[in-house]
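Mapping of the sequence shown onto numbering that gives the first Met the number 0: position 93 corresponds to residue 92, and the numbering continues sequentially without gaps.
One structure below.
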Amino acid sequence: MPVTSPYQQGLTVSGRPVSLPLKDVRALSRQMVSHFVETVAPCGTLPGDAIHGDITIITRVCLELAVSMLDGSNIAEKTGQLKDAAAQWAREGVPIGTIHHAIHEGFKIGFDLVVSTALAKQRASGSADADPMLSTADYQSILDAAKLVVEMLDTMTTAVSVAYVRELRAVVSEHHTAVHTLTSALLGGHPTSTMARECGIDIAGRYRVLALAIPSHPDESNPTLNAKVVARRKLRRLQAELATHCDDTVLSLLSIDGGTVLIPADRITKGALEELIGNLSRAARVPITATMVTAATDTLPTAADQAHELLDVVSRLGSVPGLYHFDDLALEYQLTRPGPGRDHLGSLLDPLDEHPELLETLQVHIAHNLNRQRTARLLNVHINTVDYRLKRIGQLTGFDSTQASGLWHLRSALVAHTYRT
């Protein structure tokens, strides 16, 4: 849509165009760029070739655009040039804040020049002792010019923002696709240096492999809300938190229900992983459960399978959300391996099949570290009821949960029992 100005005839001061001080766009653009280097991007935000090439050119385009608007001309073509430049800056990683700051700084310089020139001409046309007072018509022209400056800023910042964000989305999409491909290749055992170069990511020698389970957000069950939108927002919050706390070397394949995260082993300690899972849970606003296995890059497919098998064990045991290392679940993991041993252990709880409330009590009690008070609260029963049920479990199975040996058998049997078909 072409941008039109209400000042079609152009603005004048003392019979001369308001835009006159801006006409020498080449000299003025060089002056503005020097100012940008000193005040807007003094720390090297922009590379030298960009400052002396693209930035100077687009500054000239902005000046020409401003002159055109002040003269009442149509600016559609120059707005298109500005959009093209913004898209290029987005792809090159120039911060959008720097671009907007430069535009505003340029307008400050330009408007100061317009006003000071108008006052200088008024002073030159009057007596030496007289105050440089503008005529009513010239004063109105300066006011109209100020209003037009606001309109110009709106036009330019909108054009820059729309083009920048559109291009940035495309860049992010391309990078996301490349990273997704690299992550899939690593987990499939087929990484290549070409993929890594395309993503700009170095493949680490060892990774901490995280398997994540992301539960549904309560709002996903709210009939007045779109469950898919709520779930996607939950995932985006989690991904944003992951990006904030980890660098670009972290790879992930995540859905609204969970997935796999690969973190170079030398970039994070086991203790820091605990904090990371807590941060992800707070960001997603749901309690996340994760399991972790450390492995060499060439064994990532096996490690990922192992991590997700561990996550399945945690889920079947009804364990509390949080981070679980392989060391925490080595025994339970081994008990899930198919064979006559697992079948025998699973059969130890057969007497509880006709008493589902007893099996549930055993699961909750073990999952919450044998805390009788918490077990009672979660089951919504009196603590004496929990004691009775535990005693009854011992009578039916022959294993006393208050004894170390009995508890070991019951816990092992519970793990195996969840895998019985």
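For each residue, glycine too, the CB sits at the ideal point set by N, CA and C.
**Prompt:** Are L261 and A289 touching if we call contact CB-CB under 7 Å?
**Reply:** Position 262 of the sequence shown holds residue 261. Position 290 of the sequence shown holds residue 289. No, Cβ-Cβ distance for L261 and A289 is not below 7 Å.
**For T401, three-class secondary structure by DSSP** = The residue labelled residue 401 in the question sits at position 402 within the sequence shown. Note: T401 maps to coil in three-state DSSP.
**Item:** Those runs of the beta strand (DSSP E) which lie wholly inside the stretch 295–381 and span at least 3 residues
**Value:** 321–324
**Spatial distance of L275 from C245 (CA atoms)** = Taking the first residue of the sequence shown as 1, we reach residue 275 at position 276. Taking the first residue of the sequence shown as 1, we reach residue 245 at position 246. Roughly 9 Å between the two C-alpha positions.
**Message:** Less than 6 Å between C-beta atoms, sequence neighbours within five positions excluded: which residues of the same chain meet that for A86?
**Reply:** Translated into positions along the sequence shown, residue 86 becomes position 87. The residues are A162, E166.
**Prompt:** What three-state label does DSSP hand I267 in the structure shown?
**Reply:** Position 268 of the sequence shown holds residue 267. Coil at I267, not helix or strand.
**Request:** Take T207 as the anchor and find which of L406, P300, E219 has the nearest alpha-carbon.
**Result:** Taking the sequence shown and counting its residues from 1, one reaches residue 207 at position 208. Here residue 207 turns out to be Arg, not Thr, going by the sequence shown. Comparing Cα-Cα distances from R207 to each of L406, P300, E219, the minimum goes to P300.
**Asked** Does the separation of the CB atoms of A375 and V363 fall below 7 Å?
**Response** Start at 1 with the first residue of the sequence shown, and residue 375 comes out as number 376. Start at 1 with the first residue of the sequence shown, and residue 363 comes out as number 364. Contact: no.
**Simplified DSSP assignment, three categories, for Y206** = Within the sequence shown, the letter at position 207 stands for residue 206. Y206: strand per DSSP, three-state reduction.
**Asked** beta strand (DSSP E) containing L237: first to last residue?
**Response** For the purposes of this step, residue 237 is taken as residue 238 along the sequence shown, with counting starting at 1. Segment 226–244 is the alpha helix (DSSP H) holding L237; no beta strand (DSSP E) there.
**Request:** Following the continuous beta strand (DSSP E) through S251, name the residue where it begins and the one where it ends.
**Result:** Position 252 of the sequence shown holds residue 251. It spans 250–254 - the beta strand (DSSP E) in which S251 sits, taken as one unbroken run.
**Prompt:** Quick one: Cα of S134 to Cα of A144, how far?
**Reply:** One-based indexing of the sequence shown puts residue 134 at position 135. One-based indexing of the sequence shown puts residue 144 at position 145. Each residue's Cα considered, the two are about 15 Å apart.
**Message:** Measuring straight from C-alpha to C-alpha, what distance separates S126 and T78?
**Reply:** The residue you call residue 126 lines up with position 127 of the sequence shown. The residue you call residue 78 lines up with position 79 of the sequence shown. The predicted position of S126 is uncertain, since its pLDDT is 47 and thus under 50; a value taken from the coordinates is nonetheless stated next. So the two alpha carbons sit approximately 43 Å from each other.
**Request:** Name the residue from L241, I267, R232 whose alpha carbon lies nearest to the alpha carbon of I255.
**Result:** As a position in the sequence shown, residue 255 is number 256, starting the count at 1. The shortest C-alpha separation from I255 is found at R232.
**Residues near S411 by beta carbon distance below 7 Å, same chain, minus five either side** = Along the sequence shown, read from residue 1 onward, the residue named residue 411 stands at position 412. The residues are L334, L344.
**Message:** Can you find the residues in the same chain that come closer than 6 Å, C-beta to C-beta, to F325, ignoring five residues on each side of it along the sequence?
**Reply:** Residue numbering aside, residue 325 sits at position 326 when the sequence shown is read from its first letter. Within the same chain, F325 has close Cβ partners V292.
**Message:** Classify G109: buried if its beta carbon has 16 or more other beta carbons within 10 angstroms, exposed otherwise.
**Reply:** Counting from 1 along the sequence shown, the entry for residue 109 is found at position 110. So G109 counts as buried.
**Request:** Work out the CA separation of R205 and A295 for me, nearest whole Å.
**Result:** Translated into positions along the sequence shown, residue 295 becomes position 296. Translated into positions along the sequence shown, residue 205 becomes position 206. If you take the alpha carbons of A295 and R205, they lie about 4 Å apart.
**Message:** Closest to Y138 by C-alpha separation, out of T157, L234, V114, would be which residue?
**Reply:** Position 139 of the sequence shown, counted from the start, is the residue given in the question as residue 138. Minimum Cα distance to Y138 is reached at V114.
**Request:** Would you tell me roughly how many angstroms separate the C-alpha atoms of A239 and G393, rounded to the nearest one?
**Result:** Numbered from its first residue, the sequence shown carries residue 239 at position 240. Numbered from its first residue, the sequence shown carries residue 393 at position 394. Near 49 Å, if we compare the C-alpha coordinates of G393 and A239.
**Prompt:** Is V93 helix, strand or coil when you go by DSSP?
**Reply:** Position 94 of the sequence shown holds residue 93. Looking at V93 - three-state DSSP - the assignment turns out to be coil, as it is neither helix nor strand.
**Asked** With 16 as the cutoff for other CB atoms within 10 Å, does K82 come out buried or exposed?
**Response** Here residue 82 refers to the residue found at position 83 when the sequence shown is read from its first residue. So K82 counts as buried.
**Message:** Can you find the residues in the same chain that come closer than 6 Å, C-beta to C-beta, to E219, ignoring five residues on each side of it along the sequence?
**Reply:** As a first step, residue 219 is located in the sequence shown; it is residue number 220 there, counting from the start. Once the five neighbours on either side are set aside, the close Cβ partners of E219 are A226, V229, A230.
**Request:** Leaving out five residues on either side along the sequence, give the residues of the same chain with a beta carbon under 8 Å from the beta carbon of L328.
**Result:** Here residue 328 is taken as the residue at index 329 of the sequence shown, counted from 1. Hits under 8 Å: T290, L309, V312, V313.
**Request:** For W88, count neighbouring Cβ atoms within 10 angstroms of its own Cβ and tell me buried if that reaches 16, exposed if not.
**Result:** Here residue 88 refers to the residue found at position 89 of the sequence shown. So W88 ends up on the buried side.
**Distance CB(R235)-CB(V170) smaller than 7 Å** = Taking the sequence shown and counting its residues from 1, one reaches residue 235 at position 236. Taking the sequence shown and counting its residues from 1, one reaches residue 170 at position 171. For R235 and V170, no; Cβs fall outside 7 Å.
**Item:** Distance between beta carbons of I213 and I267, contact taken as under 8 Å
**Value:** Looking up residue 267 in the sequence shown gives position 268. Looking up residue 213 in the sequence shown gives position 214. That belief does not hold up - the Cβ atoms of I267 and I213 are roughly 20 Å apart, past 8 Å.
**Request:** Give the secondary structure of T58 by DSSP, where H, G and I count as helix, E and B as strand, and everything else as coil.
**Result:** In the sequence shown, the residue the question calls residue 58 occupies position 59. T58: helix per DSSP, three-state reduction.
**Message:** Taking only three categories from DSSP, how would you classify W407?
**Reply:** As a working note, residue 407 is residue 408 in the sequence shown. In this structure, W407 counts as helix in the three-state DSSP scheme.
**Cβ neighbours of V249 in the same chain (closer than 6 Å, five flanking residues each side left out)** = Residue numbering aside, residue 249 sits at position 250 when the sequence shown is read from its first letter. Taken in chain order, the residues that qualify are I262.
**Rounded straight-line distance, which links the Cα of L357 to that of G397** = Taking the first residue of the sequence shown as 1, we reach residue 397 at position 398. Taking the first residue of the sequence shown as 1, we reach residue 357 at position 358. Going by the C-alpha atoms only, they are around 14 Å apart.
**Item:** Given S160 as reference, the closest of V93, Y418, A26, A302 once Cα atoms are compared
**Value:** Within the sequence shown, the letter at position 161 stands for residue 160. With distances taken between Cα atoms, S160 lies closest to V93.
**Message:** Quick test of your reading: T360 and R341, contact by CB under 8 Å. State the CB separation rounded to the nearest angstrom.
**Reply:** As a working note, residue 360 is residue 361 in the sequence shown. As a working note, residue 341 is residue 342 in the sequence shown. T360 to R341, Cβ: 23 Å. No contact.
**Prompt:** Secondary structure at L413, three-state DSSP: helix, strand or coil?
**Reply:** Counting from one through the sequence shown, the residue named residue 413 turns up at place 414. Correct three-state label for L413: helix.
**Beta-carbon gap between S33 and T58 smaller than 7 Å** = Translated into the one-based positions of the sequence shown, residue 33 becomes position 34. Translated into the one-based positions of the sequence shown, residue 58 becomes position 59. Against a cut-off of 7 Å, the Cβ pair of T58 and S33 comes out as no contact.
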